[in-house]
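Letter by letter, the sequence shown follows residues 156 to 296 of this note's numbering.
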Amino acid sequence: MNPLEKEIIRRKFAVIVENLNLLKPIQNMTQEEYIDDIYKRKATERLLQELIEAAIDINTHIITQTKNMVPDDYYESFIKMGELKIIPRLIAEKLAPSAGLRNRLVHEYDTLEHPVILNAVKRAEELYSEYIKAVDYYISE
């Protein structure tokens, strides 16, 4: 992978890391506090959407650079990253449902279940940190 491609991926990492940092205060909120604060809910939804999309962009970029067919959907892009051993399969399987969350955030924002979003915030820190470590290791080889 050439330096320009690595830089593209690292810019996407920066989006993920920044959004994870911005979501940290939300992790400690109770469900009631979260539901009662529409501004935090809307900000949370957007931050989650952006970080998931950044990871999907990384997936697509790496999959195409490795001369593999890009999967038909975002869920499968995470699975493919696991199959290619770019990220651990277990992490890929745990991250793949976030593609569905991204779709709900974009297309079904009026029917979102707040506890699901709050739970996703709490899981994102661990899962996306592992994702970044694995991808960074891959592009640094």
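Idealized CB from N, CA, C, for every residue including glycine.
Alpha carbon of lysine 167 to alpha carbon of isoleucine 287, nearest angstrom: 10 Å
Jot down the residue ranges of each uninterrupted alpha helix (DSSP H) in the stretch 171–256, minimum 4 residues, whole runs only, in chain order. 186–191, 193–220, 229–238 and 244–250
With a threshold of 16 other CB atoms inside 10 Å of the CB of serine 253, please say whether the residue is buried or exposed. buried
Is the CB-CB distance between isoleucine 246 and alanine 289 below 8 Å? yes
Nearest CA to the CA of leucine 178: which residue from Ile294, Asp291, Ser284 and Glu280? Glu280
My assumption, with CB atoms under 8 Å, is that isoleucine 294 sits in contact with lysine 161. Please give the rounded CB distance. 5 Å
If leucine 267 and arginine 257 are in contact, beta carbons under 8 Å, what's the gap, nearest whole angstrom? Leucine 267 to arginine 257, Cβ: 12 Å. No contact.
For valine 261, tell me which candidate among Glu296, Ile217 and Glu208 has the shortest Cα-Cα distance. Glu208
Use the C-beta contact count for isoleucine 164: other C-beta atoms within 10 angstroms, 16 or more gives buried, fewer gives exposed. buried
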